[in-house]
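Numbering (the numbering used here), first residue to last: 44 to 513. Each residue gets a CB set at the ideal place from its N, CA and C atoms; glycine is no exception. Here the structure comes first, spelled out in structure tokens, and everything after it is commentary.
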RNA sequence: GCUCCCAUCGUCUAGCGGUCUAGGACGUGGCCCUCUCAAGGCCAAGACACGGGUUCGAUUCCCGUUGGGAGCACCA
């Protein structure tokens, strides 16, 4: 039998990293086994479900490199299916109409809980056999009162609960709308889902869903519950305290490859391997090695991974990803300019994110006379005493035969030789500030090569003009 | 409160009874390299939650305790 899996997010306006990881696990596992991956939008909550909201979730998946084979299906468009299933359950007496009002139930529930007992619906309407004409009513599933609703979870092993712990749950509201569990099970049956891989928060819901499968005369799928991701304080991931939207990470300059690598390793491992390409994820991921304990998302590890992927990114690709960020900052640059590409090569090992890279590349994109010099750096390195050497260097650079690192280095050393006691650092720093505006940059010779002779000379001239007098 | 789940360095994890004076990675500290900043190399500190069993022998198996988490809706 061929494998069919699904990812079923609710369109909340963004793709949550927990959901993203669940999707990634589903995707990787399905791809490895050559199965079919279905996408289903659980948008029965019409309030929050908008087209933009759905697009954000789909966009997040696509950006991560997660593709699907069928869908997206929307639960909002499948109401007839749920209604039909409920009617069938009613007709076969596997479900019954319940006329208890929420207020009545709450009163009885409170009374029961007050005695310290566990509350499940007291089945007041179970034997009444109300017909359709009974007035406003909900529909409840007859859940077995004995035996165990058990299953063998691929991650957690033998799991389940005593059936009597569950009680007769509502599957259709008084207003006629189906409840989540009913819709999920009906859909999973209709879509022929063979393996459900989802968050461990559903571990406790599974027994009830099992009862639903049984009532529907359907064979339940295999289940694999993956541990939750918790915040850096070890508690539940909070939208307030933790960055949780995939979109946020994209905007912050993280690469999808780094995100996937980060997420796949959070709760899963393959020996001591840390780096996993998308290709490796889809060939190596397996449910056996999924952790049972929930894990904390470590932003530091993500940064490290991101830098790793930045370091091995093809130059052109990087250029076309960083250029828009520069343009957005008001300093456009031609992504195909070879010098810009060369600069990015120098910046790779100094940048943890694309955003940071763009900031560091800014001096290249800005016009010579608009370069802002860092005040602290200027105070520290632009001393009146550096003027003679700087003037000397300006002249020397103008005479460099071939504008490459070796030629520029030779020019620096020629100048150093004429100024006794002057160390390279003492000359490099003022020049660095003149050319990049900052006291930190890639190697000075390489930087000058990239910025070009004309712009180097223009910037040094401007620095000379700004240099404090003796 | 009830039900279920979980528990190795700060974090992610390896370990599936002896190979463990517990390995790797991120992070942290130090050193080297060095024109700045990085990157890189080397070194270091750092964990089996606790208590009982089982066993010749437990990080590994069992039971408690403690500590976390999830679920208990006419939410999804």
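Going by DSSP, name the residue or residues bridged to residue 143. In the first chain, counting from the first residue as 1, residue 143 sits at position 100. Looking at the DSSP output, residue 143 sits in no beta bridge, so it has no partner there.
DSSP three-state assignment for residue 395, whether helix, strand or coil: For this step, residue 395 is matched to residue 352 along the first chain. It is coil, neither helix nor strand.
For residue 444, which of helix, strand or coil comes out of DSSP? Reading the first chain from its first residue, position 401 is the one you call residue 444. Three-state result, residue 444: coil.
Could you tell me the alpha carbon to alpha carbon distance between residue 391 and residue 398, rounded to whole angstroms? Taking the first residue of the first chain as position 1, residue 391 is located at position 348. Taking the first residue of the first chain as position 1, residue 398 is located at position 355. If I take the Cα positions, the gap works out to 12 angstroms.
Give the secondary structure of residue 55 by DSSP, where H, G and I count as helix, E and B as strand, and everything else as coil. Here residue 55 is taken as the residue at index 12 of the first chain, counted from 1. Three-state result, residue 55: coil.
Take the Cβ of residue 334 as the centre, count every other Cβ of all protein chains shown within 10 Å, and call the residue buried at 16 or more, exposed below. Here residue 334 is taken as the residue at index 291 of the first chain, counted from 1. Exposed: under 16 other Cβ atoms inside 10 Å.
Looking only at its own chain, which residues have a Cβ that is under 6 angstroms from the Cβ of residue 485, when we skip the five neighbours before and after it? Residue numbering aside, residue 485 sits at position 442 when the first chain is read from its first letter. The residues are 389.
Nearest candidate by alpha-carbon position, reference residue 327, set 421, 437 and 312: By one-based count along the first chain, residue 327 stands at place 284. Nearest C-alpha to residue 327: 312.
Delimiting residues of the beta strand (DSSP E) encompassing residue 204: Start at 1 with the first residue of the first chain, and residue 204 comes out as number 161. DSSP places residue 204 inside the beta strand (DSSP E), whose first and last residues are 200–205.
Let me confirm a value: residue 103 is counted as buried when at least 16 other C-beta atoms fall within 10 Å, else exposed. Which label applies? For the purposes of this step, residue 103 is taken as residue 60 along the first chain, with counting starting at 1. By the beta-carbon neighbour count (other beta carbons within 10 angstroms, threshold 16), residue 103 is buried.
What beta strand (DSSP E) runs, 3 residues minimum, are completely inside the stretch 220–252? Within the stretch 220–252, the complete beta strand (DSSP E) runs of at least 3 residues are 238–242.
So, using beta-carbon positions, are residue 251 and residue 224 closer together than 8 angstroms? Locating residue 251 in the first chain gives position 208, where the first residue counts as 1. Locating residue 224 in the first chain gives position 181, where the first residue counts as 1. Taking 8 angstroms as the Cβ cut-off, residue 251 and residue 224 qualify as a contacting pair.
Report the residue ranges of all alpha helix (DSSP H) runs contained in full by the stretch 405–463; include only those spanning at least 4 residues, in chain order. Taken in chain order, the complete alpha helix (DSSP H) segments of 4 or more residues contained in the stretch 405–463 are 418–424, 430–441 and 448–461.
Tell me the start and end of each unbroken alpha helix (DSSP H) in the stretch 82–133 that is at least 4 residues and wholly inside, in chain order. Annotation: the stretch 82–133 contains the following complete segments of the alpha helix (DSSP H) (minimum length 4 residues), in chain order: 94–107.
From residue 351 to residue 288, what distance separates their C-alpha atoms? Within the first chain, numbered from 1, the residue matching residue 351 stands at position 308. Within the first chain, numbered from 1, the residue matching residue 288 stands at position 245. Their backbone Cα atoms lie some 22 angstroms apart in a straight line.
Residue 317 to residue 355 span [Cα, whole Å]: What you label residue 317 is simply residue 274 of the first chain in a count that begins at 1. What you label residue 355 is simply residue 312 of the first chain in a count that begins at 1. CA-to-CA, the gap between residue 317 and residue 355 works out to about 15 angstroms.
Nearest to residue 9 by alpha carbon, out of 505, 451, 461 and 512? Outside the displayed span of the chain (44 to 513) sits residue 9, for which this structure offers no information.
Would you mind stating whether residue 180 and residue 213 have Cβ atoms separated by less than 8 angstroms? For the purposes of this step, residue 180 is taken as residue 137 along the first chain, with counting starting at 1. For the purposes of this step, residue 213 is taken as residue 170 along the first chain, with counting starting at 1. For residue 180 and residue 213, no; Cβs fall outside 8 angstroms.
Indicate whether residue 272 and residue 60 have their beta-carbon atoms separated by less than 8 angstroms. Reading the first chain from its first residue, position 229 is the one you call residue 272. Reading the first chain from its first residue, position 17 is the one you call residue 60. Here residue 272 is near residue 60, since their CB atoms are less than 8 angstroms apart.
Taking residue 328 as part of the alpha helix (DSSP H), name the residues at either end of that continuous run. Against the first chain, residue 328 aligns to sequence position 285. Judged by DSSP secondary structure, residue 328 falls outside any alpha helix (DSSP H); it is assigned neither H nor E.
Using only alpha-carbon positions, find the residue among 121, 165, 101 and 140 that is nearest to residue 176. In the first chain, the residue the question calls residue 176 occupies position 133. Distance from the Cα of residue 176 is smallest, within the candidate group 121, 165, 101 and 140, for 140.
Quick one: residues in its chain with C-beta nearer than 6 angstroms to the C-beta of residue 187, no 5 flanking neighbours on either side, listed in chain order? Reading the first chain from its first residue, position 144 is the one you call residue 187. Hits under 6 angstroms: 206.
Note down the Cα distance separating residue 422 from residue 496, rounded to an integer number of angstroms. Locating residue 422 in the first chain gives position 379, counting from the first residue. Locating residue 496 in the first chain gives position 453, counting from the first residue. Residue 422 and residue 496 have their C-alpha atoms roughly 26 angstroms apart.
Going by DSSP, what residues sit across from residue 272 in a beta bridge? Locating residue 272 in the first chain gives position 229, where the first residue counts as 1. Paired residues: 338.
Proximity of residue 81 and residue 111 at Cβ, strictly below 8 angstroms: Here the question's residue 81 lines up with position 38 in the first chain. Here the question's residue 111 lines up with position 68 in the first chain. Cβ atoms of residue 81 and residue 111: closer than 8 angstroms.
Cβ-based neighbour list, residue 52, same chain, cut-off 6 angstroms, excluding 5 preceding and 5 following: Your numbering for residue 52 matches position 9 in the first chain. The answer, listed in chain order, is 62 and 100.
Under the three-state reduction of DSSP, which class applies to residue 479: helix, strand or coil? Within the first chain, the letter at position 436 stands for residue 479. DSSP, read as helix, strand or coil, puts residue 479 in helix.
Distance between residue 348 and residue 319 (C-alpha atoms, nearest Å): Taking the first residue of the first chain as 1, we reach residue 319 at position 276. Taking the first residue of the first chain as 1, we reach residue 348 at position 305. Distance between the alpha carbons of residue 319 and residue 348 is about 10 angstroms.
If you drop the 5 nearest sequence neighbours on each side, which residues of the same chain put their C-beta closer than 7 angstroms to that of residue 500? Residue numbering aside, residue 500 sits at position 457 when the first chain is read from its first letter. The answer, listed in chain order, is 437, 440 and 441.
I'd like to check one pair, residue 253 with residue 128: are the Cβ atoms closer than 8 angstroms? Here the question's residue 128 lines up with position 85 in the first chain. Here the question's residue 253 lines up with position 210 in the first chain. For residue 128 and residue 253, no; Cβs fall outside 8 angstroms.
Bridge partners - residue 196, DSSP secondary structure assignment: Locating residue 196 in the first chain gives position 153, counting from the first residue. According to DSSP, residue 196 shares a beta bridge with 200.
Neighbourhood of residue 383 by C-beta, 7 angstroms cutoff - its chain only, sequence neighbours within 5 removed: Position 340 of the first chain, counted from the first residue, corresponds to residue 383. For residue 383, same chain residues with a beta-carbon under 7 angstroms away, outside a window of 5 residues either side, are 362, 376, 377 and 407 in chain order.
Span separating the alpha-carbon of residue 405 from that of residue 419: Taking the first chain and counting its residues from 1, the one referred to as residue 405 is at position 362. Taking the first chain and counting its residues from 1, the one referred to as residue 419 is at position 376. Going by the C-alpha atoms only, they are around 18 angstroms apart.
Start and end residues, alpha helix (DSSP H) containing residue 365: Within the first chain, residue 365 is the residue found at index 322, counting from 1. The continuous alpha helix (DSSP H) containing residue 365 extends over residues 358–371.
Using a Cβ-Cβ cutoff of less than 6 angstroms, which residues in the same chain neighbour residue 435 once the five nearest sequence positions on both sides are dropped? One-based indexing of the first chain puts residue 435 at position 392. Only 458 meet the Cβ criterion.
Please report the residue range of the beta strand (DSSP E) in which residue 214 lies. For the purposes of this step, residue 214 is identified with residue 171 of the first chain, where counting begins at 1. Looking at the DSSP string, the run of the beta strand (DSSP E) that includes residue 214 is 213–215.
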